[in-house]
Amino acid sequence: MSGIILKQTFIMLLLMLVGVLCYKAKIISSTSNKELSKFVLQVVNPVMIFMSYQTEIHADLVKNLLITFGLSVISFIITIIAVCILIRKKKGRETEIERFSAIYSNCAFMGMPLTNAMFGMEGVFYLTAFITIFNLFVWTHGIVLLTGEKDFRQIIKVFYSPTIIAIFLGLIAFFTQIKLPELPANVLGYISSLNTPLAMVVSGISMAETDVFKMIKKPDVYRVCLIKLIILPVILSVLLVFLPVDEKVRLIVLVAASAPPAATCTLQCLRYGKNYLYSSEIFTSGTILSIITLPFIVKLTELLTKIIN
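Our numbering runs 297 ahead of the 1-based position in the sequence shown.
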C-alpha cells in the first residue's frame, strides 16, 4: 500500500507543478485560483462524496463507516491534546496559527485522491466520516483557537455547507438504496473525476504564490511541519495498530490525519486579519514535504501491523 501512496503522491506532485507553471505563465491568476478552489470545494468534492454512496448496502460497509466516525473523533481529540503539549504559547510566536496548522489537515484535497487510489470509491466512502468530523471540529474548536471568539453562527453554517449536505443526501441514498439513473450518474461521475487534477492544480498555484526564499529561512515552519507530518502521525499510527479494526479504515483515518496542513487555515487568517503569509508558508512546506512523509507513515503502519498482529 505504501507503494501506491508513493506513486500517487508523485503524480500529485507533477499535477501541482502544472499549477505552478500556470501561475508563473500568468495563465491562472490568484483571483482565478480562489474561484477554482471554490469550484473544487463546493461542487467537485461534494459530488465525489455523494457518488461514493451510490453502492450496494451491506453490513461491513455500515460497520466500518461507523467505526471510521469513532476513530476520527478519537484522532482529533488525541491530536488536539498532543499539539497543546508540543506547541507551547510563547511571546512573539504565532501559536494559534501553528496549532491550527498542526491539528487540521488537507483531508479533502489530499485525502480524496489518495484514498481513491488506495481503495477506490469505497475508500472515499469511509473518508466522508473523517471529513464530517473535520468540518465539525474546524468550525468550532478551530475558529475559537484561531480567534479566541465563539462564533455560533459559523457553527450553524457548517450544516449548510455543500460537503455536509452531500454526505447527508448520500447517506439517505445509501440506506434507502436509491440509485441515480444512468445519465445523471455518468454526468456526476465525470465531475467527480475532476477532483484529483483540479485539487492539485489549485494547491500548486497556492504554493507558487509563496515566497520560497523567505520560507526556507524560517525554522518555525519546519518545526510545525515536523510535528504535523511526522510526530503526530507516528503517535496515531502506534495507537491505531492496536485496535482490532479493518485495515482499510485504519489506513484511511491515518492518511487523512497525516495529510499536510489545511488550506482552510490561510483562508480563515485572511478572513480574521491574522498572519496569512505565515499560514501559507506552513501550508506550502507541508504540502511539499508530505510527498515524502505520507508514504513513510503508511509503510511504518504496515510494518507495525505485521509485528503486532
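By construction, the Cβ of each residue, glycine as well, lies at the ideal position given by its N, Cα and C atoms. Only a predicted model underlies this, so the values are computations on that prediction, with no experimental measurement involved.
Quiz item: From what residue to what residue does the alpha helix (DSSP H) around residue 566 run?
Solution: 561-569
Exercise. Have a look at the DSSP bridge pairing and note the partners of residue 402.
Key: 558
Exercise. Helix, strand or coil for residue 458, going by three-state DSSP, please let me know.
Key: coil
Quiz item: Does the Cβ-Cβ distance between residue 484 and residue 313 come in under 9 Å?
Solution: no
Practice problem: Express the C-alpha separation of residue 553 and residue 396 in angstroms, rounding to a whole number. | Solution: 17 Å
Quiz item: If you pair each beta-carbon of the stretch 341-359 with each one of the stretch 522-537, do three or more pairs fall below 8 Å?
Solution: no
Practice problem: Following the continuous alpha helix (DSSP H) through residue 390, name the residue where it begins and the one where it ends. | Solution: Note, residue 390: premise wrong, no alpha helix (DSSP H); not H, not E.
Quiz item: Under the rule that 16 or more other beta-carbon atoms within 10 Å means buried, what is residue 380, buried or exposed?
Solution: buried
Quiz item: Per DSSP, what kind of secondary structure is residue 353 in: helix, strand or coil?
Solution: coil
Self-check item: Every unbroken alpha helix (DSSP H) within the stretch 494-541, with a cutoff of 4 residues, ordered by chain
Solution: 509-512, 516-523, 529-537
Self-check item: Cβ neighbour criterion (16 or more within 10 Å) applied to residue 423
Solution: buried
Exercise. Express the C-alpha separation of residue 507 and residue 574 in angstroms, rounding to a whole number.
Key: 8 Å
Quiz item: Are the stretch 305-320 and the stretch 503-519 in contact at 8 Å, needing three or more beta carbon pairs?
Solution: yes
Quiz item: Taking just the CA atoms, how far does residue 522 sit from residue 388?
Solution: 20 Å
Quiz item: How would you label residue 385, buried or exposed, when you count the other beta carbons within 10 angstroms and need 16 or more for buried?
Solution: exposed
Quiz prompt | With 16 other Cβ atoms within 10 Å as the buried cut-off, status of residue 390 | solution = exposed
Exercise. Look at the alpha carbon of residue 520 and the alpha carbon of residue 556, and state the distance between them as a whole number of angstroms.
Key: 16 Å
Self-check item: First and last residue of the uninterrupted alpha helix (DSSP H) at residue 418
Solution: 418-434
Practice problem: Mind reading off the beta-carbon distance from residue 594 to residue 534? Whole number of angstroms is fine, and I expect it under 8 Å. | Solution: 6 Å
Quiz prompt | Through-space distance from residue 402 to residue 579, alpha-carbon basis | solution = 12 Å
Quiz item: Should residue 583 be labelled buried (16 or more other beta-carbon atoms within 10 Å of its own) or exposed?
Solution: buried
Self-check item: Coarse secondary structure for residue 572, derived from DSSP in three states
Solution: coil
Quiz item: Counting Cβ pairs, one atom from each stretch, are 3 or more of them under 8 Å apart for the stretch 542-551 and the stretch 368-382?
Solution: yes
Quiz item: Sorted by chain position, which residues of the same chain lie with C-beta nearer than 6 Å to residue 562's C-beta, five sequence neighbours on each side aside?
Solution: 397, 398, 576
Quiz item: With respect to the alpha helix (DSSP H) encompassing residue 335, which residues constitute its N-terminal and C-terminal limits?
Solution: 327-336
Quiz item: For residue 407, which three-state DSSP category applies?
Solution: coil
Quiz prompt | Residue of 457, 338, 443 minimising C-alpha distance to residue 495 | solution = 338
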